[in-house]
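For the sequence shown, the positions run 996 to 1839 when the numbering used here is used.
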Amino acid sequence: MGNQFYRESMFTVQNLTCESLVNPLGLAVMNPRFSWHIESDIPGTVQQGYCIELMDEDGLVWNSGEIVSAQSVLADYTGQPLAYATRYTWRVKVCVNDIWSNWSKPAWFETTLEKWEAPFICADDRPEDSYAVVFRREIHAEKPLKSARLYASALGLYEIFIGDKQITDTCFNPGWSAYDFRVLFQTFDVTDMLTSGIHTLTAHVAAGWFKGDLGFEKCRNLYGSTMAFSAHLHLVYTDGSCQTILTGDDWQFCASPIIYSEIYHGETYDARLESPDTWQSARILEPGSRSVEPFDGLPVRRQEVLPPIALFTTPGGDRVLDFGRNITGRVRFSVNGQAADRVKLRHAEVLDHSGNFYTENLRSAKCTDTYILKGGATEVYEPYFTFHGFRYVAVDEYPGEIHPGNFEAVVIHSDMERTGTFACSHPLINQLHSNIVWGWKGNALDIPTDCPQRDERLGWTGDIQIFASTACFLYNTLPFLVKWLHDLRLEQRPDGGVPHVIPDVLKKLNNDSHSACGWGDAAVIVPWTLYECFGDIRVLEDQYDSMCAWISRIHSQASGNIWNTGNHFADWVALDAKEGDYIGATPPDLCATAYYAYSTGLVAKTAEILGRSGDAEQYRKLHADIVTAYQREFFTPSGRLAAQTQTAHILSLVFALTPQAFIPRTIDTLVKLIEQNSGHMVTGFLGTPYFCHALSRNNKLNEAYALLLREDYPSWLYQVTMSATTVWEHLDGIKPDGSMWSANMNSFNHYAYGAVGDWLHKVVAGISPLEAGYKRILIAPQPGGSLTWAQAALKTPYGMVASRWEYTDGSFSLKVTIPANTSAEIVLPDKRRFTVGSGEYTYQ
Ligand code: BGC
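See the structure below:
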């Protein structure tokens, strides 16, 4: 490494990220970590060392020195404490084969405020009010500005304007956190909007998750009954002087043109009220014991717009726009008319079997947006504080003729970088994969939700536990899920119990049920999955106490290491449930003990990684004891499983709970249980995600493909043949005769069953992490079924990995791309194995 000889490098350093974010403004941590990719055409590129430089506007702040290390993902900042509210730029160079690269192009990050000092201000809304309020204050930028930052938060949801320019390009600010403990603030760069002179800053605030209707028991005011806004504006002038403006009683408020806004029910906007003349003084509101913290997730943004593909009249007479796919977001439209004319839109995911607009599955959610025109020039409106899960929109009122060209659907979700793709020769599987991706887009709106349409949309722990590994392949979910896990640990009960939903609104609904198997296990499985996929050890450090507390909680509930107490959803909505029941036939104590073992095993591994060898030893012992107890309780001495259900066999196999000698019998029985159901799965939330893995890991690849490729109900592809564009909550949300599953729980956008994506990525295309963050990669595609080719590509923390296999004229070939600074084990279908470094390879 000593060779300082520079030359035109065959490798460069690119894709710089800080805390896995590109140039983050308002970074939530003060001990940031840096990552980069090495782009290299030298096969087997390994980083020998790196050097980082960090600068502020006065010059060099830190030079890491030449560090001998292969670490290129989440490398620690080790300089002096950073200053708050300061922009830093940084660059990195790396050493490969004793040659140093050039410096990378610089990247930047900006730290956030040290503490929140701005008061919260409120108006006079009552608990029952669903109107929005506008707060305002004049801002006098006295001299030419060098920079201006606006930090803002609310009890409720906010959007901010300077003059008539909307400065919040993010939606649903300040996001949904565990509001009892913390409310978050965002940072906006408003330098370009505040030229010297006088400007009016206005903030619209609506009820949102804080005060509005929330949860399926029709409650509201769950966190408070008054909306409030808080802001801190920091101006830095070119002469070096600064000015800070905080919210306070010198701000004014009045009613907003948003005369009604609720997340579940929609929004009503009266454009005639856009220029109010009666303003009152705002009052200061104590925000309670909650802290105000920097936003630590990914902002929610408008992602794309879709034009309608059709306008038609239903047999029932509704005029309906079809946007071609089921999405989460809202409709933006333009309209011309007279003052007091109205546009009224209702939203639905599907049509019923007669082709009529179907809203019963929305339960009490009204999903209706209304716009009242001011008249005159063309008016354009998109709701501010509501979202809907929909494909179809009934235009109940609209002045003049409805032109589809005047409407567009705005797709909204957390701004995650797309990282993983998959395709194969089977069009229905490709459609399934697209549905999986859209299922995640539709349910990643600041928190991971079960569904986006009915009066629920909650952060169900079980759903994300099941889907996490699929999500982490498709998108960079790291900051998104880190924020959610932060709230999980805040909401965890003193005894380690984990709520069913995070943020925990159920505790507020006089429903103190919590800690169900497979749901509470999200406390362990989600951090573990993030570590595996992104190599972020800090997630494990931050969540470690929470993970251990969850295991202690189960331990306290178990007897003889069998977890046989409490209420469980168990194999939720499995098709082997008794008539009218949601809980599948697999005994809850079997599901619970299986998860107890699995999570304990993961905590043992976590303890080892964190260097807590004493803990690791204890958890390994506990794990072994649980496995023994499980085997004693659920396997007969000759190896028959007490529960003759598919899910019992799947969990016993994939969680390694089956005694070695009984594995053949267990897998054979699983295959028989498929045959007994005429080749179908009858599993629910806990069994379905692992079904194909259980088969393919135990020499039953053909059976796994047979299950995957079934098109008749129940199967993954059945809904694809029924034109689904997202993943349904029930395998038979719409039955073959066109009738619906009971409207009381029938979402057409639920990602849980999309967890089969994990099998497509890891087994069909063959990409999995062997070492955290894909530092070592396994490429082991297992072709099968009628597929003639399949491919996947993933932007790992190190760079692009890709795998594509195909059969041409009966002969197999595999093309692989391995990113620099990683290595890979390649296992061909004929079991030949290769160990390779970075580069491109073809195998026949
Ligand atoms: C949600 C599920 C959730 C379940 C728990 C449902 O209402 O939509 O996805 O996990 O309740 O029972």
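Note that the Cβ used here is the ideal one computed from N, Cα and C, for glycine as well.
is_contact[residue i, chain D] using C-beta, thresh 8 Å
i: S1763; result: No chain D appears in the structure shown, which is made up of a single protein chain.
Residue i burial status per 10 Å Cβ neighbour count (16 or more: buried)
i: R1086; result: buried
i: Y1816; result: Reading the sequence as shown, one finds Asn at residue 1816 and not Tyr. When all chains shown are included, N1816 counts as buried.
i: W1455; result: buried
i: D1707; result: exposed
i: W1567; result: buried
i: T1363; result: buried
i: N998; result: Confidence is the limiting factor: at N998 the pLDDT is only 44, short of 50, which leaves the residue's position unreliable and the question unanswerable from this model.
i: Q1448; result: buried
i: I1193; result: exposed
i: G1261; result: buried
i: N1741; result: buried
i: Y1001; result: Unreliable placement is indicated for Y1001, whose pLDDT of 44 sits below 50; the coordinate value is still reported in the next sentence. When all chains shown are included, Y1001 counts as exposed.
i: A1518; result: buried
i: N1438; result: buried
i: E1014; result: buried
i: R1484; result: buried
i: R1828; result: exposed
i: R1320; result: buried
i: I1743; result: What sits at residue 1743 in the sequence shown is Phe, not Ile. With 16 or more other Cβ atoms within 10 Å, it is buried.
i: N1739; result: exposed
i: M1025; result: exposed
i: Q1714; result: buried
i: R1452; result: buried
i: Q1487; result: buried
Nearest to residue i (by Cα), restricted to the options the options
i: Q1613; options: Y1625, K1600 and A1624; result: K1600
i: Q948; options: Q1042, W1057, V1089 and T1084; result: Residue numbering for the chain in the displayed model covers 996 to 1839; residue 948 lies beyond these limits and cannot be assessed.
i: T1830; options: G1457, V1758 and P1038; result: P1038
i: Q1777; options: K1138, Y1836, L1690 and T1716; result: L1690
i: P1522; options: L1535, P1632 and W1514; result: L1535
i: L1823; options: W1246, T1837 and S1833; result: T1837
i: F1564; options: Y1577, V1185 and Y1393; result: Y1577
i: R1314; options: L1340, V1300 and Q1333; result: L1340
i: E1288; options: N1401, W1246, Y1366 and H1481; result: H1481
i: T1595; options: A1202, Q1247, Y1539 and L1712; result: Y1539
i: Y1393; options: L1368, R1413 and A1372; result: L1368
i: Y985; options: R1607, L1652 and G1575; result: Since the first residue shown for the chain is 996 and the last is 1839, residue 985 is missing from the structure and cannot be characterised.
i: A1335; options: Y1264, Y1713, Y1045 and P1764; result: Y1264
i: L1268; options: I1546, V1129, R1635 and A1553; result: V1129
i: L1501; options: P1474, K1213, G1054 and K1790; result: K1213
i: G1575; options: G1283, A1602 and S1737; result: S1737
Integer-rounded CB distance, given that residue j should sit under 8 Å from residue i
i: V1405; j: R1327; result: 5 Å
i: G1679; j: T1642; result: 7 Å
i: S1359; j: D1450; result: 5 Å
i: G1491; j: A1544; result: 3 Å
i: V1041; j: G1530; result: So it is not a contact: roughly 16 Å between Cβ atoms.
i: L1217; j: L1230; result: Contact doesn't hold; Cβ gap of about 37 Å is too wide.
i: Y1232; j: K1138; result: 4 Å
i: L1016; j: T1107; result: With 8 Å as the limit, L1016 and T1107 do not qualify as a contact, their Cβ atoms being about 13 Å apart.
i: A1760; j: Q1786; result: 6 Å
i: M1411; j: T1472; result: 6 Å
i: E1154; j: Y1376; result: The pair is not a contact, with the Cβ atoms about 13 Å apart (cut-off 8 Å).
i: I1662; j: K1695; result: 6 Å
i: V1722; j: G1434; result: 4 Å
i: D1175; j: R1325; result: The pair is not a contact, with the Cβ atoms about 29 Å apart (cut-off 8 Å).
i: S1096; j: F1006; result: 6 Å
i: A1113; j: L1196; result: That pair is no contact at about 13 Å.
i: Q1066; j: W1031; result: Actually they do not touch by this definition, with Cβ atoms about 10 Å apart.
Contact shell at 5 Å, judged by CB to any heavy atom of the ligand BGC, ordered along the chain: Result (chain order): D1445, W1455, G1457, D1458 and F1564.
Cβ contact (3+ pairs, closer than 8 Å) linking the stretch 1459-1473 and the stretch 1406-1423: They touch, by the three-pair rule.
Segment contact, 8 Å Cβ cut-off, at least three pairs: the stretch 1738-1752 with the stretch 1782-1798: Verdict: no, contact absent.
Touching by the beta-carbon criterion (3+ pairs, under 8 Å), the stretch 1559-1573 and the stretch 1665-1684: At 8 Å Cβ cutoff, the stretches touch.
Contact the stretch 1351-1366 vs the stretch 1289-1305: 3+ CB pairs below 8 Å: No, because fewer than three Cβ pairs between the stretch 1351-1366 and the stretch 1289-1305 fall closer than 8 Å, the two stretches do not touch.
The stretch 1375-1393 / the stretch 1335-1346 touching (three or more Cβ pairs under 8 Å): Verdict: yes, contact present.
contact_flag[the stretch 1114-1121, the stretch 1272-1284] where n(CB pairs < 8 Å) is 3 or more: The way I'd put it, the stretch 1114-1121 does touch the stretch 1272-1284; three or more beta-carbon pairs between them come closer than 8 Å.
Cβ contact check for the stretch 1587-1597 and the stretch 1556-1563: 3 or more pairs under 8 Å: Of all C-beta pairs linking the stretch 1587-1597 to the stretch 1556-1563, three or more are shorter than 8 Å, placing the two stretches in contact.
The stretch 1173-1189 contacting the stretch 1139-1154, beta-carbon criterion three pairs below 8 Å: Three or more Cβ pairs drawn from the stretch 1173-1189 and the stretch 1139-1154 lie within less than 8 Å of each other, which places the two stretches in contact.
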